[in-house]
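**Student:** Note that UniProt numbering numbers the sequence shown so that position 22 is 22, with each residue one more than the last.
Shown below is the structure under consideration.
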Amino acid sequence: MSNFEPEIVAFCCHYCAYTAADMAGTRRISYPSNVKIIRVPCTGKVDAIHLMKALEKGADGVYVAGCLEGDCHFKNGNIRAAAHVEKIKKTLEDLGWEPERVAMMNFSAAMGEKFAQAAEEFTEKIKALGPSPASQATSQAV
Ligand code: FES
């Protein structure tokens with residue numbers, strides 16, 4: 001399983017996390033191409049169903065990246081998102097999946113380097129876990 005390359009979906013809020021990712025790109029700080037970014041107006045718009053759908057559709061790991069706590073441009077969207085992430089972690093545990101496949105992260109727009117580092121660390125963590133149970137089930141069915 002050493003050549004396993006995970007599919008990772010990152011829901012990034014437009015104001016901070018997405019800008020941090022953009023800054024990483026501008027400064028030529030690379031992060032794994034495994035991470036596919038979905039830009040959202042605010043992480044408060046990311047519901048538990050979006051996280052579950054991403055996993056169901058083949059993502060091996062999913063994270064939500066929002067503004068720093070207290071800095072959400074829509075007041076408390078990132079707090080809401082963190083609650084959804086916690087809910088999904090519990091659901092995954094109940095299903096016998098590793099809850100580490102889902103995470104909440106917070107960045108300011110200036111944290112390009114930290115964004116890239118977190119993307120790298122999350123990718124390594126998912127690589128160590130291996131393919132998600134959903135993608136394993138799909139590959140066995142084919
Ligand atoms: Fe960034 Fe709400 S605007 S998390």
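From the three backbone atoms N, C-alpha and C, an ideal C-beta is built for every residue, glycine too.
Can you tell me which of the three DSSP states residue 134 falls into?
**Tutor:** Locating residue 134 in the sequence shown gives position 134, where the first residue counts as 1. Helix, per DSSP.
**Student:** Would you mind working out which of 123, 134, 136 sits nearest residue 10, comparing C-alpha positions?
**Tutor:** By 1-based counting over the sequence shown, the position of residue 10 is 10. That would be 123, whose Cα lies nearest to the Cα of residue 10.
**Student:** Look at the alpha carbon of residue 68 and the alpha carbon of residue 55, and state the distance between them as a whole number of angstroms.
**Tutor:** Counting from 1 along the sequence shown, the entry for residue 68 is found at position 68. Counting from 1 along the sequence shown, the entry for residue 55 is found at position 55. One C-alpha to the other measures close to 25 Å.
**Student:** To the nearest angstrom, how far is it from the Cα of residue 1 to the Cα of residue 75?
**Tutor:** As a working note, residue 1 is residue 1 in the sequence shown. As a working note, residue 75 is residue 75 in the sequence shown. In this prediction, residue 1 scores a pLDDT of 48, lower than 50, which makes its location untrustworthy; the coordinate-derived value is nonetheless stated afterwards. Each residue's Cα considered, the two are about 43 Å apart.
**Student:** Compute the distance between the beta-carbons of residue 81 and residue 96, then report whether it is under 8 Å.
**Tutor:** Translated into positions along the sequence shown, residue 81 becomes position 81. Translated into positions along the sequence shown, residue 96 becomes position 96. Not closer than 8 Å, so no.
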